[in-house]
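What follows is a single structure, written as C-alpha coordinates, with notes after it.
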Amino acid sequence: MKNELPHWTKEELKVYILLLCANADNEITQEELTVIKSKTDHSTFERLYKEFCEDNEDTNFEKIEYTIGHQEYSPHELSELKRETLEVFDSDHKFQQRERYLDKVLDNILY
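Letter by letter, the sequence shown follows residues 3 to 113 of my numbering.
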(Lines of atoms letter the chains of each structure in order from A and count residues from 1; the text may use other names and numbers.)
(Lines give C-alpha, C1' and ligand atoms only; values in the text may rest on other atoms or scores of the structure.)
Protein backbone atom coordinates (compact mmCIF):
# COMPACT_ATOMS: atom_id res chain seq x y z
CA MET A 1 0.00 0.00 0.00
CA LYS A 2 1.28 3.43 -0.98
CA ASN A 3 0.34 5.27 2.22
CA GLU A 4 0.62 4.13 5.81
CA LEU A 5 -2.56 3.04 7.50
CA PRO A 6 -4.34 6.03 8.99
CA HIS A 7 -5.11 6.90 12.59
CA TRP A 8 -8.28 8.80 11.82
CA THR A 9 -10.93 10.10 14.12
CA LYS A 10 -14.51 9.03 13.53
CA GLU A 11 -15.18 12.31 11.73
CA GLU A 12 -12.21 11.81 9.41
CA LEU A 13 -13.31 8.26 8.63
CA LYS A 14 -16.82 9.51 7.90
CA VAL A 15 -15.51 12.07 5.40
CA TYR A 16 -13.37 9.44 3.67
CA ILE A 17 -16.31 7.00 3.46
CA LEU A 18 -18.55 9.76 2.08
CA LEU A 19 -15.93 10.54 -0.58
CA LEU A 20 -15.89 6.85 -1.51
CA CYS A 21 -19.69 6.97 -1.80
CA ALA A 22 -19.53 10.06 -4.00
CA ASN A 23 -17.03 8.32 -6.27
CA ALA A 24 -18.93 5.01 -6.48
CA ASP A 25 -20.02 5.76 -10.04
CA ASN A 26 -16.55 7.15 -10.91
CA GLU A 27 -17.91 10.68 -11.03
CA ILE A 28 -17.94 12.99 -8.04
CA THR A 29 -20.55 15.65 -8.65
CA GLN A 30 -20.67 19.12 -7.19
CA GLU A 31 -23.88 18.19 -5.36
CA GLU A 32 -22.11 15.28 -3.68
CA LEU A 33 -19.16 17.47 -2.69
CA THR A 34 -21.51 20.08 -1.25
CA VAL A 35 -23.15 17.46 0.98
CA ILE A 36 -19.79 16.16 2.18
CA LYS A 37 -18.39 19.63 2.84
CA SER A 38 -21.46 20.42 4.95
CA LYS A 39 -20.53 17.54 7.27
CA THR A 40 -17.05 18.73 8.25
CA ASP A 41 -14.72 21.70 8.42
CA HIS A 42 -12.79 22.99 5.41
CA SER A 43 -9.31 21.83 6.43
CA THR A 44 -10.45 18.29 7.25
CA PHE A 45 -12.28 18.05 3.94
CA GLU A 46 -9.32 19.35 1.92
CA ARG A 47 -6.81 17.05 3.62
CA LEU A 48 -8.95 13.94 3.22
CA TYR A 49 -10.02 14.81 -0.33
CA LYS A 50 -6.36 15.11 -1.34
CA GLU A 51 -5.56 11.78 0.31
CA PHE A 52 -8.61 10.11 -1.26
CA CYS A 53 -7.60 11.32 -4.74
CA GLU A 54 -4.15 9.79 -4.30
CA ASP A 55 -5.49 6.38 -3.20
CA ASN A 56 -6.77 3.55 -5.36
CA GLU A 57 -9.88 1.50 -4.62
CA ASP A 58 -7.99 -1.27 -2.79
CA THR A 59 -6.31 1.31 -0.58
CA ASN A 60 -9.68 2.97 0.08
CA PHE A 61 -11.10 -0.24 1.51
CA GLU A 62 -7.94 -1.16 3.43
CA LYS A 63 -7.96 2.21 5.18
CA ILE A 64 -11.66 2.03 5.96
CA GLU A 65 -11.51 -1.54 7.29
CA TYR A 66 -8.40 -0.78 9.36
CA THR A 67 -9.94 2.31 10.93
CA ILE A 68 -13.31 0.65 11.56
CA GLY A 69 -11.43 -2.08 13.40
CA HIS A 70 -9.82 0.50 15.69
CA GLN A 71 -12.94 2.49 16.51
CA GLU A 72 -15.97 1.56 18.57
CA TYR A 73 -19.32 2.62 17.18
CA SER A 74 -22.66 2.64 18.91
CA PRO A 75 -25.72 1.48 16.98
CA HIS A 76 -26.81 5.13 16.83
CA GLU A 77 -23.48 6.23 15.31
CA LEU A 78 -23.67 3.47 12.69
CA SER A 79 -27.24 4.44 11.86
CA GLU A 80 -26.21 8.07 11.44
CA LEU A 81 -23.28 7.11 9.20
CA LYS A 82 -25.62 4.98 7.08
CA ARG A 83 -28.03 7.91 6.78
CA GLU A 84 -25.21 10.20 5.66
CA THR A 85 -23.97 7.73 3.04
CA LEU A 86 -27.48 7.50 1.62
CA GLU A 87 -27.67 11.29 1.58
CA VAL A 88 -24.52 11.43 -0.58
CA PHE A 89 -25.84 8.71 -2.90
CA ASP A 90 -29.10 10.62 -3.31
CA SER A 91 -27.59 14.10 -3.67
CA ASP A 92 -27.25 13.80 -7.45
CA HIS A 93 -30.76 12.27 -7.66
CA LYS A 94 -29.42 8.99 -9.07
CA PHE A 95 -28.90 5.75 -7.17
CA GLN A 96 -27.02 3.70 -9.71
CA GLN A 97 -26.10 0.03 -9.60
CA ARG A 98 -22.50 0.71 -8.50
CA GLU A 99 -23.80 2.87 -5.66
CA ARG A 100 -26.18 0.12 -4.57
CA TYR A 101 -23.31 -2.36 -4.61
CA LEU A 102 -21.07 -0.06 -2.55
CA ASP A 103 -23.93 0.45 -0.10
CA LYS A 104 -24.07 -3.32 0.48
CA VAL A 105 -20.26 -3.58 0.78
CA LEU A 106 -20.22 -0.80 3.38
CA ASP A 107 -23.02 -2.53 5.30
CA ASN A 108 -20.85 -5.65 5.46
CA ILE A 109 -17.83 -3.68 6.67
CA LEU A 110 -19.69 -1.56 9.21
CA TYR A 111 -22.06 -4.10 10.74
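All C-beta atoms, glycine included, are put in the ideal place defined by N, C-alpha and C.
Candidates Y113, F91, S40, E29: closest to P77 by CA position: Cα-wise, what sits closest to P77 is Y113.
Quick one: grab the DSSP three-state call for E48. Taken through DSSP and simplified to helix, strand or coil, E48 comes out as helix.
Own chain residues within Cβ distance below 7 Å of M3, not counting five before or after: Confidence at M3 is low in this model, with a pLDDT of 45, below 50, so its placement is unreliable and no value can be given for it.
Note the first and the last residue of the continuous alpha helix (DSSP H) segment covering F63. Where F63 is concerned, the enclosing alpha helix (DSSP H) stretches over 59-71.
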